[in-house]
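Data first, discussion second: the structure below is written as structure tokens.
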Amino acid sequence: MARDPIQSLQSLQRQLPTMALRAMERTMQEAEAQGKRTTAFQNQTGRLRASIRAGLTKHTPDRIAGALTAGDNDAQPGRAGWETPSYEYAPLVELGTSRRAPHPYIFPTMLYIAAQNVLARALQAELRSWS
Numbered sequence: 185m186a187r188d189p190i191q192s193l194q195s196l197q198r199q200l201p202t203m204a205l206r207a208m209e210r211t212m213q214e215a216e217a218q219g220k221r222t223t224a225f226q227n228q229t230g231r232l233r234a235s236i237r238a239g240l241t242k243h244t245p246d247r248i249a250g251a252l253t254a255g256d257n258d259a260q261p262g263r264a265g266w267e268t269p270s271y272e273y274a275p276l277v278e279l280g281t282s283r284r285a286p287h288p289y290i291f292p293t294m295l296y297i298a299a300q301n302v303l304a305r306a307l308q309a310e311l312r313s314w315s
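With the sequence shown counted from 1, adding 184 to any position gets you this note's numbering.
Next comes the structure, spelled out in structure tokens:
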């Protein structure tokens with residue numbers, strides 16, 4: 185027996201927020217992995233690369249936000265204290281100083297994520313798996 189199209193649409197409408205959340209989580213995982221693969225800076229101790237984290241920072245019925253950050257091995261995005269790097273050199277590497285050239289690694293990672301349509305592909309995968 186064929187499924188009622190109205191019921192199908194209602195089911196999709198109920199599941200869309202969860203699907204969007206999973207797609208955003210996948211996108212942030214890819215952002216973190218891409219950030220850790222970067223060769224934009226010289227990784228002397230490994231601490232800066234290990235401190236690169238991504239995660240969801242806000243989740244409401246009409247908005248999902250994520251962040252990619254570096255400089256703290258302990259805090260996860262969205263949790264208290266994650267905005268303040270414990271490795272003070274993390275922003276200095278990204279932005280540079282009056283004596284050192286910038287070596288951006290966070291911004292290019294987010295450009296890569298946008299250029300590769302990672303979020304759109306993750307959401308498409310969620311929609312394809314919908315039943």
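Cβ coordinates follow ideal geometry from the N, Cα and C atoms, glycine included. Note that the structure is predicted; figures quoted are calculated from it, not measured.
> Hey, quick one: how far does the alpha helix (DSSP H) through G250 stretch, first residue to last?
Replying inline: Run containing G250: none in the alpha helix (DSSP H); it sits in the beta strand (DSSP E), 247–253.
>> With H, G and I counted as helix, E and B as strand and the rest as coil, what does DSSP make of R210?
In response: R210 falls in the helix class under three-state DSSP.
>> Considering Cα atoms alone, identify which of A215, T244, P201, E209 is closest to F291.
In response: Considering only alpha carbons, the answer is A215.
> Considering only residues of the same chain and omitting the five flanking positions on each side of Q218, which have a CB-CB separation below 7 angstroms?
Replying inline: T293, Y296, I297, listed in sequence order.
> Closest to A239 by CA distance: which of R247, L252, Q228 is it?
Replying inline: Ala is not the amino acid found at residue 239; the sequence shown has Gly there. Closest in alpha carbon position to G239, among R247, L252, Q228, is L252.
> Bridge partners of H287, per DSSP?
Replying inline: DSSP output for H287 lists no bridge partner at all.
> In or out: A234 buried (at least 16 other Cβ within 10 Å) or exposed?
Replying inline: Counting Cβ neighbours within 10 Å, A234 comes out exposed, since fewer than 16 surround it.
> If you drop the 5 nearest sequence neighbours on each side, which residues of the same chain put their C-beta closer than 8 angstroms to that of G316?
Replying inline: With the chain running from 185 to 315 in the structure shown, residue 316 is simply not present.
> Are the beta-carbon atoms belonging to T222 and L303 less than 8 angstroms from one another?
Replying inline: The answer is no: Cβ separation not under 8 angstroms.
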